[in-house]
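Presented below is the structure to which this report refers.
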Amino acid sequence: MVSRLSFMGVIARVFMWAFLLGLVVVVVYPLLWMVLNGFKTNAELFSDPFALPVDWSFDNYRKAWNRGVGDYLTTSVLVTATSTVATVFVSAWAAYGLTRVDIPLNKAITALILGGLMLAPTVALVPLVKMFQAMGLYNSFWALLILYTAFRIPFTTFLIRAYMIDLPREVDEAAEVDGAGRWTAFWRIILPMCKPIITSTVLLQILFTWNEYLFAMVFTSGSGVQTLPVGLTSLMSKHGTEFPVVFAGMVIAAVPVVLLFVFGQRYIVKGLADGIGK
Amino acid sequence: MRAIVARSLGLAWVVPALALVGVFVYLPLVQNFGFSTLEWDIYSGSQEYIGFDNYAKLLDDPVFWSSLGNNLLYAVISIAFQVFGALLLAALIESIRGEGWRRSLRVIYFIPSAISLTVAGLLFYFLYEPNLGPINHLLEAAGLGQFAAAWLGQEGTAMPAIIAMSQWQGFGYSTLLFAVAIQRIPSEIYGAAAIDGVGPVGRFVHVTVPLVREMTGLMAIVTVSGSFQVFNEVMVMTGGGPNNSTQVLGTWLYRSGFVRNDFGYAAAIATVLFVITLGVAMAQLWVTRRRRVEW
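Chains as they are written, first to last, in the UniProt record's numbering: chain A, 1 to 278; chain B, 1 to 295.
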């Protein structure tokens with residue numbers, strides 16, 4: 001009986017590992033294929049999709065870079081950096097006001113800001129286009145910066161607020177004894193104490209902005225203002241017959257966020273888990 | 001009086017957030033209802049009030065119904081893979097003894113979720129490609145050449161092919177969150193169950209599943225909500241074709257408004273999306289209110 005059980009146990013473990021490792025292949029192979037194709041020529045790609053590149057040259061990367069990916073990357077970096085700074089500061093201010101300062105209508109304001117979490121960006125698309133055309137900001141860097149900030153404030157405030165609310169009251173009292181004004185208390189004491197959650201929100205905002213497609217596609221058209229996700233589809237439609245160049249562009253877009261996740265996973269996982277569960 | 005003024009000064013902390021969210025998130029939402037009652041040509045600028053005609057048009061539009069159906073199919077398949085499949089997978093991973101293995105598997109499975117849907121969509125566009133795509137080559141190599149197909153080019157397979165890509169891209173995300181939820185279960189509970197002679201399957205059914213119930217509810221809601229907001233992968237892989245067979249509400253809204261120049265109709269589709277996503281969000285609020293599983 002015992003030996004039969006352990007025999008079954010061994011079989012179960014073999015199946016489990018076969019399944020888990022099979023899934024690793026399913027996840028990793030397409031990514032590997034993408035990277036390898038960035039080094040091939042068109043002829044190699046069409047003759048045998050499974051073969052390794054004959055010559056490991058960065059020609060396709062250079063071509064992709066010169067055909068717009070360099071510009072898209074620059075725009076992506078700019079939009080990501082500015083919207084991350086804007087979103088995190090505006091949200092941290094709001095979280096501070098809602099948790100540490102005695103303000104009127106606190107409950108209503110909290111509900112209003114966090115309620116934005118429930119609204120899908122698609123729903124606001126038509127009026128937003130009209131609005132940005134009227135403001136003369138359609139097809140501009142500003143459109144993306146404003147939208148990426150406004151639509152992420154509810155989520156970011158939610159995360160920072162949940163963290164700040166748990167900081168002990170004595171912190172504020174100590175700051176008052178020191179004679180520090182609210183402004184100083186925020187920058188010198190509260191914000192540094194929130195460093196872990198600030199790190200989480202920064203990383204999550206970078207992931208979001210870098211990969212966002214809906215707003216980027218609807219609000220920008222010229223190559224000077226397009227970010228990578230939209231730029232890649234332009235690259236595809238303009239140079240769609242030179243597939244290896246497109247693969248090189250995809251790798252350039254994917255590598256930064258994969259590295260970000262691998263090195264910042266502790267903070268990203270914490271942010272995601274708190275964001276969904278609180 | 002002075003006290004009220006002093007208290008109101010504190011509002012300066014929340015004004016920037018309130019203004020941005022108010023103007024760019026809430027205001028468009030309200031405007032959208034107004035727009036949905038207009039016959040509106042964006043290029044000529046002509047606007048005419050037509051009441052609920054756009055909604056009546058919606059009911060008669062077969063593509064609206066097939067789009068809604070595609071969103072529903074998306075939701076059902078995603079629940080199966082990204083909620084139940086991911087829960088099972090997370091439990092398998094967390095049952096492994098070596099911490100290094102657990103961590104590596106979680107990271108590897110998550111990588112597709114870190115890259116953008118555009119990159120993942122383009123990648124699968126090539127994988128499905130009839131001539132150079134490895135999927136048809138694999139089928140032929142396995143002697144199943146008769147099943148090779150132009151996956152994204154025909155009505156029967158295009159939508160399932162897109163949904164399959166989405167499962168590949170998203171399962172690691174929910175697996176990671178389930179793994180976090182399982183790690184929060186006190187190990188004494190598993191220990192006690194093991195002493196009582198409960199096997200691994202029993203521990204999964206009687207300990208893991210009930211204690212991550214809340215996460216399961218939240219994941220289901222987030223997954224359904226996401227399924228109704230699908231846009232990126234469809235635009236990148238098929239643009240809604242062939243013959244509108246892969247349109248979802250988001251892409252049909254886009255096409256109606258920005259390609260067919262019918263902004264009022266697009267606003268009406270947006271209202272439907274609003275009602276659905278708000279309903280789902282209300283369900284989420286209800287679940288989180290009842291949170292805190294009693295150990």
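The beta carbon of each residue, even a glycine, is placed where N, CA and C say it ideally should be.
Note that the structure is predicted; figures quoted are calculated from it, not measured.
Cβ neighbour criterion (16 or more within 10 Å) applied to residue i
i	result
B/SER225	buried
B/ASN32	buried
A/LYS40	buried
residue 305 of chain A	No answer is possible for residue 305 of chain A: it lies beyond the span of chain A, which begins at 1 and ends at 278.
B/LYS106	The residue asked about is misnamed: residue 106 of chain B is Arg in this sequence, not Lys. Answer is buried; the Cβ neighbour count reaches 16.
A/GLN226	buried
B/ALA3	exposed
A/ASP212	Per the sequence presented here, residue 212 of chain A reads as Glu, with Asp not at that position. Flag for A/GLU212 reads buried.
B/TRP13	buried
A/PHE132	buried
B/GLN146	exposed
A/TRP183	exposed
B/SER187	exposed
B/GLY69	exposed
A/GLY249	buried
A/ALA150	buried
Within chain A, the residues that residue i reaches when beta carbons sit closer than 7 Å
i	result
B/SER8	PRO104
B/PRO28	ALA124, PRO127, LEU128, MET131
B/LEU115	A small fix is needed here, since residue 115 of chain B is Ile in this sequence, not Leu. ALA254, VAL257, VAL258, listed in chain order.
residue 300 of chain B	Only positions 1 to 295 of chain B appear in this structure, which leaves residue 300 of chain B out of reach.
B/VAL180	VAL269, ALA273
Nearest-angstrom Cα separation, counted from residue j out to residue i
i	j	result
B/GLY257	A/PRO127	11 Å
B/ARG279	B/VAL15	The question names Arg, yet the displayed sequence has Gly at residue 279 of chain B. Near 28 Å, if we compare the C-alpha coordinates of B/VAL15 and B/GLY279.
B/TYR29	A/LYS130	First, the amino acid is wrong: residue 29 of chain B is Leu here, not Tyr. Near 13 Å, if we compare the C-alpha coordinates of A/LYS130 and B/LEU29.
B/PRO242	B/ALA158	8 Å
B/THR208	B/ILE189	10 Å
B/LEU249	B/GLU140	36 Å
B/VAL287	A/ALA108	21 Å
A/ASN139	B/SER46	23 Å
B/LEU127	B/PRO134	6 Å
A/TRP210	B/GLY191	44 Å
A/LEU20	B/MET219	22 Å
B/GLN284	A/LYS63	47 Å
B/GLY153	A/PRO49	20 Å
A/ASP102	A/PHE155	22 Å
B/VAL272	B/ALA19	26 Å
A/TRP96	A/CYS194	Sequence inspection shows Tyr at residue 96 of chain A; the Trp mentioned does not correspond to that position. Distance between the alpha carbons of A/TYR96 and A/CYS194: 11 Å.
B/ASN232	B/TRP65	20 Å
A/TRP187	B/PHE24	28 Å
B/TRP295	A/PRO196	Per-residue confidence for B/TRP295 stands at a pLDDT of 35, beneath the threshold of 50, marking its modelled position as unreliable; the derived number appears in the next sentence. About 28 Å.
Check whether residue i and residue j have beta carbons under 8 Å apart
i	j	result
B/ASN136	B/ALA148	yes
A/PRO244	A/GLY38	yes
B/ALA268	B/TYR55	yes
A/LEU214	A/LEU260	no
B/GLN183	B/GLU99	no
B/LEU122	A/MET236	yes
B/ILE50	B/LEU38	yes
B/VAL236	B/THR251	no
B/SER174	B/ALA114	no
B/GLY264	B/SER36	yes
A/VAL69	A/ILE276	no
A/VAL269	B/VAL21	no
A/LEU52	A/LEU36	yes
B/MET215	B/PHE274	no
B/ILE163	A/VAL27	no
A/GLY271	A/LEU204	yes
B/HIS206	B/ALA193	yes
Where residue i meets chain B, residues with beta-carbon distance less than 7 Å
i	result
A/GLN265	VAL107
A/ILE113	ALA17, LEU18, VAL21
A/VAL14	Within chain B, no residue comes near A/VAL14; the closest Cβ sits about 13 Å away, beyond 7 Å.
Chain B residues whose Cβ lies nearer than 8 Å to that of residue i
i	result
A/GLY116	VAL21, VAL25, TYR26
Listed by chain order, chain A residues near residue i by CB distance under 9 Å
i	result
B/PRO134	TYR29, PRO30, TRP33, PRO49, PHE50
B/MET237	Residues of chain A passing the Cβ test: none, with the nearest at roughly 10 Å.
Listed by chain order, chain B residues near residue i by CB distance under 9 Å
i	result
A/PHE46	ASN131, LEU132
A/MET164	Simply none; closest approach about 12 Å.
### Message
Quick test of the definition: if touching needs 3 or more C-beta pairs under 8 Å, does the stretch 153-161 of chain A touch the stretch 89-100 of chain A?
### Response
yes
### Message
Count Cβ pairs between the stretch 137-149 of chain A and the stretch 71-90 of chain A that sit closer than 8 Å; are there 3 or more?
### Response
yes
### Query
Taking three-plus beta-carbon pairs below 8 Å as touching, is the stretch 155-175 of chain B in contact with the stretch 69-88 of chain B?
yes
### Message
Counting beta carbon pairs with one atom in the stretch 166-174 of chain B and one in the stretch 77-84 of chain B, are three or more of them shorter than 8 Å?
### Response
The answer is yes - the stretch 166-174 of chain B touches the stretch 77-84 of chain B, with three or more Cβ pairs under 8 Å.
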